[in-house]
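Numbering (the working numbering), first residue to last: 5 to 84.
Heads up, the thing below is written out as structure tokens.
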């Protein structure tokens, strides 16, 4: 047991060694799964082409309600 503790302490003194020693085996599968999910998300998202919407070139129909048909016809037919 002493040999394992000495190796662990020696590894913990290195810059990244402390991080890797502190990982518990129960969290390792979750971290691997998260890494795989992130990699798949990046690959799938990178393959989609950017689609552009076509420009609006006109209006086919507009429906308006009015209380006075004669005034509306004069305004939309003559004034505009």
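For each residue, glycine too, the CB sits at the ideal point set by N, CA and C.
Please read these numbers as outputs of a predicted model, since none were measured by experiment.
- Each residue's CA atom was taken as its position, placing residue 34 and residue 41 some 10 Å apart.
- It is roughly 23 Å from the alpha-carbon of residue 32 to the alpha-carbon of residue 47.
- For residue 31, the secondary structure class from DSSP, reduced to helix, strand or coil, is coil.
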